[in-house]
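Heads up: the structure comes next, in structure tokens.
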Amino acid sequence: IIQPCTKVCLKNSNGKMSSILDFKREAIAKGLCKQYRAKWDNAQSKKDLMDIALDANGMEYMAEMFNEGWGLTPGYIREEFADYINGRYEKSYNGYKTAMYVMHNGELTASCTAYLLASCNMKVVIPENYVCRLFICAGSNITIDCEGDCEVYCYGDRSQVNEVTGGGSVVL
Numbered sequence: 001i002i003q004p005c006t007k008v009c010l011k012n013s014n015g016k017m018s019s020i021l022d023f024k025r026e027a028i029a030k031g032l033c034k035q036y037r038a039k040w041d042n043a044q045s046k047k048d049l050m051d052i053a054l055d056a057n058g059m060e061y062m063a064e065m066f067n068e069g070w071g072l073t074p075g076y077i078r079e080e081f082a083d084y085i086n087g088r089y090e091k092s093y094n095g096y097k098t099a100m101y102v103m104h105n106g107e108l109t110a111s112c113t114a115y116l117l118a119s120c121n122m123k124v125v126i127p128e129n130y131v132c133r134l135f136i137c138a139g140s141n142i143t144i145d146c147e148g149d150c151e152v153y154c155y156g157d158r159s160q161v162n163e164v165t166g167g168g169s170v171v172l
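Heads up, the sequence shown is in this note's numbering, so the first residue is 1 and it goes up one at a time.
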């Protein structure tokens with residue numbers, strides 16, 4: 001079921017309810033580019049919004065948003081976008097796959113090209129002959145078992161890679 005994005009609401013940092021439009025206005029005020037404004041204008045569902053967040057630039061933007069403490073919270077995304085996080089949805093585009101994990105505990109064996117990990121406490125396994133990029137943010141604590149190749153982008157002082165094991169290559 002695709003839900004219209006016009007009815008999505010969020011709580012801002014002072015706990016008051018505001019609309020997704022208010023979040024969009026804040027993103028524009030913080031420099032959201034014209035290309036992403038147009039994508040947002042054309043979004044018709046939560047899936048469309050998640051697809052924007054899951055492209056390479058969108059994942060970096062979301063990680064920076066979490067790190068700076070404005071916009072959507074991990075708890076909000078977990079509640080309102082549950083159908084599109086934590087292994088329930090992968091965006092596929094031009095041979096690449098991306099996914100978002102939010103407030104997730106457990107283990108993930110990478111099957112996507114890139115992941116956004118927000119407020120997670122988990123182990124990520126990168127199989128042999130596999131290349132993966134991790135965007136780690138919002139106080140995540142991640143352990144990596146890598147037999148392939150992995151690039152890690154860690155945002156903020158509260159997010160960290162606790163341990164790296166395996167014979168693969170990990171670039172932090």
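Quick reminder that beta carbons are idealized off the backbone N, C-alpha and C, glycines included.
Grouping DSSP H, G and I as helix and E and B as strand, with all else coil, what is residue i?
i    : result
N42  : helix
I20  : helix
A29  : helix
Y89  : coil
R78  : helix
R158 : coil
Y130 : coil
With 16 other CB atoms within 10 Å as the buried threshold, where does residue i fall?
i    : result
K7   : At K7 the pLDDT is 38, less than 50, meaning the model places this residue with poor confidence; the figure from the coordinates comes in the next sentence. By the neighbour-count rule (16 or more Cβ atoms within 10 Å), K7 is not buried but exposed.
L172 : exposed
K225 : As displayed, the chain neither begins before 1 nor continues past 172, which places residue 225 out of reach and without an answer.
C150 : buried
Y93  : exposed
K30  : exposed
G75  : exposed
K34  : exposed
G109 : Note that residue 109 corresponds to Thr in the displayed sequence, not to Gly. The residue in question, T109, is exposed, as its Cβ has fewer than 16 Cβ neighbours within 10 Å.
C106 : Correcting the residue identity first, residue 106 is Gly in this sequence and not Cys. Exposed.
Would you give the residue range spanned by the beta strand (DSSP E) that residue i belongs to?
i    : result
S169 : S169 to V171
G106 : N105 to T109
T143 : N141 to C146
N121 : N121 to I126
A138 : Taken as a continuous stretch (DSSP letters only), A138 belongs to no beta strand (DSSP E), as it is neither H nor E.
T98  : Y96 to V102
Y115 : A114 to A118
Determine, for residue i, whether the minimum Cβ-Cβ distance to residues of chain D falls below 8 Å.
i    : result
P127 : This model lacks chain D altogether; it includes just one protein chain.
Requested in this report: Would you mind listing the alpha helix (DSSP H) stretches within the stretch 50-76 that are 4+ residues and don't spill past its ends, in chain order?
Outcome: As far as the stretch 50-76 is concerned, its whole alpha helix (DSSP H) runs of at least 4 residues are 56-68.
Query - Segment contact flag, the stretch 152-165 with the stretch 61-80, C-beta cutoff 8 Å, min 3 pairs - result: The stretch 152-165 is in contact with the stretch 61-80.
Query raised in the report: Looking at C-beta atoms only, is the number of pairs between the stretch 113-129 and the stretch 44-60 that lie closer than 8 Å three or more?
Result: The stretch 113-129 is in contact with the stretch 44-60.
Report task. Give a yes or no on contact between the stretch 124-132 and the stretch 80-94, applying the rule of three or more CB pairs nearer than 8 Å. Result -> By the Cβ rule, the stretch 124-132 does not count as touching the stretch 80-94, because fewer than three pairs are nearer than 8 Å.
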